[in-house]
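Visitor: Chains as they are written, first to last, in this note's numbering: chain R, 1 to 535; chain W, 536 to 898; chain E, 899 to 1195.
Glycine included, each C-beta is placed from N, C-alpha and C at the ideal position.
Please read all numbers here as calculations on a predicted model, not as lab measurements.
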Amino acid sequence: MKRRKVDVRAVPAKAANAVDDRFQVSTPLRRLLNKVFPDHWSFLLGEIALFSFIVLLLTGVFLTFFFEPALTEVIYNGSYAPLRGTHMTAAYASTLEISFDVRGGLIMRQMHHWAALLFMASIVVHMLRVFFTGAFRKPREVNWVIGSLLFWVGFLAGFTGYSLPDDGLSGTGLRIASAIMLSIPVIGSWVTSSIFGGEFPGDIIISRMFIAHVLLVPGLLVALISAHLGLVFKQKHTQWPGPGRTNDNVVGERMFPRYALKQGGFFMLVFGVIALMGGLMQINPVWLFGPYEAWVVSAASQPDWYVMFLDGSTRLMPAWEIVIPIGDGYVIPPLFWPTVVLPGILVGLSLAYPWLEARQTKDYRSHNLLQRPRDTPVRTALGAMAVTFFMVLTLTGANDVIAEKFFISLNAMTWAGRIGILLAPPLAYYLTYRICLGLQQHDREVLAHGVETGIIRRLPDGRFEEVHQPLSSGHGELEYTGWVVPKKMNRLGALGPAIKGFFYPIEKPVEAPVSPGHPPVEERPERSEISSDNR
Amino acid sequence: MSTHADTPADKAGGSPIDLDDPSLTRFDIVREGARLDDIEIVHYEPQFPVAGTKAERRVTRFVSFLFLLTGAAATAFLAIYIWWPWEYKLAAGPDKLYTPLLGLTLGVALLGIGFGILTWAKKLLPKEISIQARHDTSTPESRKIVGNTMLYMADELGVKRRPLLGASVLAGLLPVGAVAAAPLVGGLINNPHKNNQMMTTGFQPVDGKPVRLVREDGTPVRPDDISTGGQITVFPGIPHGVSNKHADSPTLLIHLRESDAEKARANNERNEHNRGYMWGNYIAYSKICTHAGCPASLYEQQTNLLLCPCHQSQFLITDNAKPVFGPASRRLPQLPIELDAEGFFVAKSDYTEAVGPDFWERP
Amino acid sequence: MTSDTPDAPRGDVASSGRGPGSRGRHGGLFARLRRRPSAVRSRGRRRLGAAVRLVAALMLAGGAYTVFAPGLQAQETNQLSAAAAEGKALFDVSCVSCHGSNLQGVEDRGPSLIGAGSAAVEFQVGTGRMPMARQEAQAERKPALFTSDQIRQLGQYVQEMGGGPQLPAGDDLAAGGDIAQGGQLYRVNCSQCHSFGGGGGALSSGKFAPNIRVATDRQIYAAMLTGPQNMPVFGDNQLTPDQKADIIAYINEALKEPNDPGGFNLGRYGPSTEGVAVFLVGIVALVFACLWIAGKS
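(1) Is R:Trp152 close to chain E? Criterion is C-beta to C-beta, closer than 9 Å.
(2) Exposed or buried, which one is W:Asn731 when buried takes at least 16 other CB atoms within 10 Å?
(3) Just to make sure I have the definition right: I need the residues of chain W whose C-beta is within less than 7 Å of the C-beta of E:Leu1101. Which are they?
(4) Short check: CB of W:Val598 to CB of W:Trp655, under 9 Å?
(5) Using a Cβ-Cβ cut-off of less than 9 Å, give me the residues of the segment 258 to 280 of chain R that come near chain W, in sequence order.
(6) Out of W:Pro661, W:Leu870, W:Leu841, which has the shortest C-alpha to C-alpha gap to W:Pro771?
(7) Can a CB atom of chain W be found closer than 9 Å to the CB of R:Ile176?
(8) Between W:Pro898 and chain R, is the shortest Cβ-Cβ distance under 9 Å, so that the two count as touching?
(9) R:Gly312 lies in the alpha helix (DSSP H); which residues open and close that run?
(10) Is there contact between the segment 257 to 273 of chain R and the segment 1180 to 1194 of chain E, where contact requires at least three CB pairs shorter than 8 Å?
(11) Less than 9 Å separating the beta-carbons of W:Pro898 and R:Gly161?
(12) Runs of 4 residues minimum, wholly inside the segment 91 to 151 of chain R: which ones carry the alpha helix (DSSP H) assignment?
(13) How about the segment 734 to 752 of chain W and the segment 878 to 885 of chain W: do they share at least three Cβ pairs that are nearer than 8 Å?
(14) So, does the CB of W:Ile823 fall closer than 9 Å to a CB anywhere in chain R?
(15) Pull up the distance between the alpha-carbon of R:Val8 and that of E:Val1176, whole angstroms please.
(16) Inspect the beta-carbon positions of R:Tyr433 and R:Ala386 and report whether they are closer than 9 Å.
(17) Report yes or no: do the segment 807 to 821 of chain W and the segment 788 to 799 of chain W share at least 3 C-beta pairs separated by less than 8 Å?
(18) Taking contact to mean at least 3 C-beta pairs separated by less than 8 Å, is the segment 629 to 643 of chain W in contact with the segment 95 to 107 of chain R?
(19) Specify, as a first and last residue, the run of the beta strand (DSSP E) that R:Glu466 falls within.
(20) Does the beta carbon of E:Arg1111 sit closer than 9 Å to a beta carbon anywhere in chain R?
(21) Could you name the residues of chain E that W:Tyr623 contacts, counting a contact when the two beta carbons are closer than 7 Å?
(22) Does the segment 1021 to 1033 of chain E come close enough to the segment 1073 to 1092 of chain E that 3 or more CB-CB pairs lie under 8 Å?
(23) Just tell me which of W:Thr610, W:His670, W:Lys624 has its CA closest to the CA of W:Trp618.
(24) Check E:Val965 in the structure and name its three-state DSSP category.
(25) To which residues of the same chain is E:Glu974 closer than 7 Å at the C-beta, ignoring the five residues directly before and after it?
(26) Within 10 Å of its beta-carbon, does E:Arg1085 have 16 or more other beta-carbons around it, so buried, or fewer, so exposed?
(27) Where does W:Phe894 fall in DSSP's three states?
(28) DSSP puts R:Glu73 in a beta bridge; with which residues?
(29) What residues from chain W crowd round E:Met1030, counting only those whose CB sits closer than 8 Å?
(30) First and last residue of the beta strand (DSSP E) that includes W:Leu575?
(31) Cα separation between E:Cys1188 and R:Leu44?
(32) Which bits of chain R does W:Gln909 rub up against, with CB to CB less than 7 Å?
(33) For W:Met685, count neighbouring Cβ atoms within 10 angstroms of its own Cβ and tell me buried if that reaches 16, exposed if not.
(34) Below 7 Å on C-beta distance, what does E:Gln1127 contact in chain W?
(35) Tell whether a beta-carbon distance below 9 Å holds between E:Gly1125 and W:Gly764.
(36) Could you tell me which chain W residues have their CB closer than 8 Å to the CB of E:Gln1136, listed as they occur along the chain?
And the structure:
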């Protein structure tokens, strides 16, 4: 029988042809392979969120195989001796089982929780980057809205997630959540009893939160993240101004191989950091909290950090209740304002911001170039104000821990928060605004007068002056173009091409550029030294 | 913009090249493809054009080392995972290191791959600068075409011509939308006031008999079980009284000092709700904070303040547990107590105010 | 007290050698002293002399009693034991200014210690809280001023003076304690002030529930029994000695030892330190990674 010769080397080509015959992937694939991405470290922050989300999905699947989302009462009989014989719910017992009786269960649980904290932290950091550089402006307002929604959906994911084990700490948080729902006027008691299936805690809330946490919320997250990334792909990423960059192009490197490898490597780094934290730093030790019992609470009870700002606003709110004396009398409890109205305002403000700012600055053009924070002092100062507001509230959420650790009166901490929340944000606004203006001024000063060389020269009449290296070759005025103005001599290449390394400067031969976007520096044929004889 | 490329650059959008030309290098074909995507590769430069230099070998060795480190760490992970003693024991022991070691090895393995790939990309791959045009505006023609197409489609539907159609569609579909939502909403809706549950707790007398106050283990409480200046958490002495099924019932029973008890009693008299609710020097308040429902349980026996740890509301026990600091605006409900024939504490009646966090229709 | 000189002439005794008109006349004084007194004396003088002799005799008796009788005590009826006597000596030096010489307390400074018991002394003095450094919201634990023997003596003194709760003997008060029961009791009774990890918590206006992980078995037992400062009292009818042993066993085995299976426990403060850690460790590390990956353009 004649053996068919198989040419191994032709197999990839044949396979590719087969695929292309059926799906016509060649052109789209080429477009994907060639797509140009700009390169800046701050553009990678959103990917921390993306990669932590993938880790959440992977570890989460593991956990769903062992967790029992039921409030049925059981008696614990596992490895953790201090809880043996205790009555608890199946949800709590299964969490203990994952932690102590499943090989490697504890590290999966911890990685899952650290990844959740990192997910939210990186969303906040990424959002701040987008805000302070103006990347949310037209045409990217919708992406900003999707991103803001991602924060709140992530918030929901985290809240339902850490409430699943039904431990003392998260159960208390759930109690507070039911009180928050209760405080809504007119419909509050109906909302609470509908969600809990009766009076708190009911029998069904863990099962409902489980479905929300593993199906509904992740589904929504995947949809939103896909839309978010899809928009970035379609609209192309923004870029910093600089040499060769305009509003109509993207300067960077093509996707394959370098950029894709960087993405893959970064994914591994994020995963590695989560693994290290998950193994080396204990998080959410539910066995110490005990099962949730409505009469038990621990000092220093806080929610996870991304919810802590609401805890803070609740602690600061004065006891102002509104009584409506109609009929039997109706009341709006003080809990309503800091936990329902305030988040509502924050969500509304953040979603509407791109349009609010466009209206205010009357700027309706499309922007693909970023702005340095100092160039938009109002926006930067507003952002600093928002961050300060958030920080005061978050720190207040932990004010009993701070009071105990640093021996400060608890009552004084509350008052400090009440006063701080009113005084600190405007102060931050003012300071940031002035700093931005100062930085802008310095940029223009250097453009006009040149870089300080540090060389002092004495004039014949006895005056001392510093020699400045002008930045323009002619006598014309240099215009500020929205990018970094070099302020040190080594940035100009005057002292030899000191290409900045990471921790210490690395001198390299003159031909090679440091990174895409930085034009290569050519050595001038005659290098005149700057000395005290020269002007 | 520099033109420091190794080969002469074709401007993007320039004339296409002949792909069958045998003198073309592979890079020329790549560049042609980029041109088709409006990309101009303006700078492309291998980091190690001369093969085999010492620098290149050093970087390659470093990357290989990182990958091998990954393999070693991954193997260590597997070994620890399988053979390290992991079963939890209360005392200190090697099992406490199981999770940290797993985390360490897994972390090193992942960081190894990460750094390896990144070093490869940063140090071994050619550096390039490419510029892609954005083309992110639609032409007016395409907008006109699509706009007109949609308007024509609307005309074809003929809703304008036949207004009855449009009106009936709306009128008919609206209820259908509600039908889709009805089972979910209807199924979830739960009347909060059935059995008057928001105004009753487990202390409601059963068949006219007052309910005993019991400890967490179910045993009833006598007055001399609590020392002066002491406090105990009590529950209704009914089936499942000590469980989350009666999460609104936990009560704090406090034995006040004589002078404090007199003050408390006098203030009780002044309040139309709490007259006569104390028994001797014993006073009982709901443990469920009226702010957000946490157990308000930090009793300071000298100041007679009850602090809730969640949001730091403070209630003055000697004055009807009214809030004196913090966000709570409603005093804690007081439980009327007395002794039964056998000398155990019972609740004379249920709480006469709603227990727990405030709500809109609270009378 | 003027001393008698039996040789002083009658009628002249009160003046102790200084008689009317005797000033400046030295020769006259000695001569008169040597001279035998005249037989005739006034009735008043005689009576005065008798009175003076009576007073002198009483004084002699009283002085002898004072010198030779055992020391006076605040409690006239009981005798203190030897240990309590030592304790009293310590008490009178270090505690009287705030707690009063009769342990009755001093207004705005220190409460009465009648009924406090040796358990309270062992707790307060043993943890160094007493003597208090200054009047403040709450006494703080500091190095104990007294040795354990001295503390025992002080406790004995307070116990004998006013009675009160006493600790059982022995150093290991957790023997036979059921840690599961103890955990349940701890969570209901203790964790709201001392936190789930035993690290303590803030109370109102500068007061706080301290870290119990540094306390000995006896100190924990004593605190439960006596309810120091603002801590409620957990008498033996409310938490029986067995239940107290359960709680102490739980604290010893689950809380004191840092046997955390998940790695470094971040202080057992809960989500607040976890949030700090994710930023300080996770985000910082990854931002450095971003800087390295992309470089600065």
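Guide: To lay it out plainly:
(1) As a position in the first sequence, residue 152 of chain R is number 152, starting the count at 1. Output row for R:Trp152: interface = no.
(2) Position 196 of the second sequence, counted from the start, is the residue given in the question as residue 731 of chain W. Exposed, since its Cβ has fewer than 16 Cβ neighbours within 10 Å.
(3) The sequence position of residue 1101 of chain E within the third sequence is 203, counting from 1. Neighbours of E:Leu1101 on chain W, chain order: Leu833, Glu835, Leu842.
(4) In the second sequence, the residue the question calls residue 598 of chain W occupies position 63. In the second sequence, the residue the question calls residue 655 of chain W occupies position 120. Between W:Val598 and W:Trp655, the gap from beta carbon to beta carbon is short of 9 Å.
(5) Arg258, Tyr259, Ala260, Leu261, Lys262, Gly264, Gly265, Phe266, Phe267, Met268, Leu269, Val270, Phe271, Gly272, Val273, Ile274, Ala275, Leu276, Met277, Gly278, Gly279, Leu280: these are the residues of the segment 258 to 280 of chain R whose beta carbon lies less than 9 Å from some beta carbon of chain W, given in chain order.
(6) Start at 1 with the first residue of the second sequence, and residue 771 of chain W comes out as number 236. Of the listed residues, the one whose Cα sits closest to W:Pro771 is W:Leu870.
(7) Taking the first residue of the first sequence as position 1, residue 176 of chain R is located at position 176. Output row for R:Ile176: interface = yes.
(8) For this step, residue 898 of chain W is matched to residue 363 along the second sequence. It does; some Cβ of chain R falls within 9 Å.
(9) The residue you call residue 312 of chain R lines up with position 312 of the first sequence. That run of the alpha helix (DSSP H) goes 308 to 316.
(10) yes
(11) The residue given as residue 898 of chain W occupies position 363 in the second sequence. The residue given as residue 161 of chain R occupies position 161 in the first sequence. No, Cβ-Cβ distance for W:Pro898 and R:Gly161 is not below 9 Å.
(12) If we require 4 residues or more, the alpha helix (DSSP H) runs fully inside the segment 91 to 151 of chain R come out as 105 to 133.
(13) yes
(14) On the second sequence, residue 823 of chain W is found 288 positions in, with the first residue counted as 1. Yes - at least one Cβ of chain R is within 9 Å of the one on W:Ile823.
(15) Taking the first residue of the first sequence as position 1, residue 8 of chain R is located at position 8. Taking the first residue of the third sequence as position 1, residue 1176 of chain E is located at position 278. Going from the Cα of R:Val8 to the Cα of E:Val1176 covers about 50 Å.
(16) Here residue 433 of chain R corresponds to residue number 433 of the first sequence, with the count starting at 1. Here residue 386 of chain R corresponds to residue number 386 of the first sequence, with the count starting at 1. Contact flag unset, no.
(17) yes
(18) Touching, per the Cβ criterion.
(19) For the purposes of this step, residue 466 of chain R is taken as residue 466 along the first sequence, with counting starting at 1. Note, R:Glu466: beta strand (DSSP E), 464 to 469.
(20) The residue given as residue 1111 of chain E occupies position 213 in the third sequence. Chain R, which has no Cβ nearer than 9 Å to the Cβ of E:Arg1111, makes this no.
(21) Indexing the second sequence from 1 puts residue 623 of chain W at position 88. Under the 7 Å cutoff, chain E gives Pro1159.
(22) no
(23) Working through the second sequence from its first residue, we reach residue 618 of chain W at position 83. The shortest Cα separation from W:Trp618 among W:Thr610, W:His670, W:Lys624 belongs to W:Thr610.
(24) As a working mapping, residue 965 of chain E is identified with position 67 in the third sequence. In this structure, E:Val965 counts as helix in the three-state DSSP scheme.
(25) On the third sequence, position 76 is the one that residue 974 of chain E refers to. Caution is warranted here: a pLDDT of 47 is assigned to E:Glu974, below 50, making its placement in the model unreliable, and the coordinate value is therefore given only provisionally. For E:Glu974, where only same-chain residues beyond five positions count, there are no Cβ hits under 7 Å.
(26) By 1-based counting over the third sequence, the position of residue 1085 of chain E is 187. Flag for E:Arg1085 reads buried.
(27) Within the second sequence, residue 894 of chain W is the residue found at index 359, counting from 1. The answer is coil: DSSP assigns W:Phe894 none of H, G, I, E or B.
(28) Within the first sequence, numbered from 1, the residue matching residue 73 of chain R stands at position 73. The bridge partners DSSP lists for R:Glu73 are R:Thr89.
(29) Stepping through the third sequence from its first residue, residue 1030 of chain E is reached at position 132. Under the 8 Å cutoff, chain W gives no residues; its nearest Cβ is about 15 Å from E:Met1030.
(30) In the second sequence, the residue the question calls residue 575 of chain W occupies position 40. What sits at residue 575 of chain W in the sequence shown is Glu, not Leu. First-last of the beta strand (DSSP E) with W:Glu575: 574 to 580.
(31) Mapped onto the third sequence, residue 1188 of chain E falls at position 290. Mapped onto the first sequence, residue 44 of chain R falls at position 44. In a straight line, the C-alpha of E:Cys1188 is about 6 Å away from that of R:Leu44.
(32) Because chain W is modelled from 536 through 898, residue 909 of chain W falls outside the range shown and cannot be assessed.
(33) Within the second sequence, the letter at position 150 stands for residue 685 of chain W. By the 10 Å Cβ count, W:Met685 comes out exposed.
(34) Against the third sequence, residue 1127 of chain E aligns to sequence position 229. What E:Gln1127 touches in chain W: Gln837.
(35) The sequence position of residue 1125 of chain E within the third sequence is 227, counting from 1. The sequence position of residue 764 of chain W within the second sequence is 229, counting from 1. Going by C-beta atoms, E:Gly1125 is nearer than 9 Å to W:Gly764.
(36) Counting from one through the third sequence, the residue named residue 1136 of chain E turns up at place 238. Going along chain W in sequence order, the residues near E:Gln1136 (Cβ under 8 Å) are Asp760, Ile761, Ser762, Gly765, Ile767.
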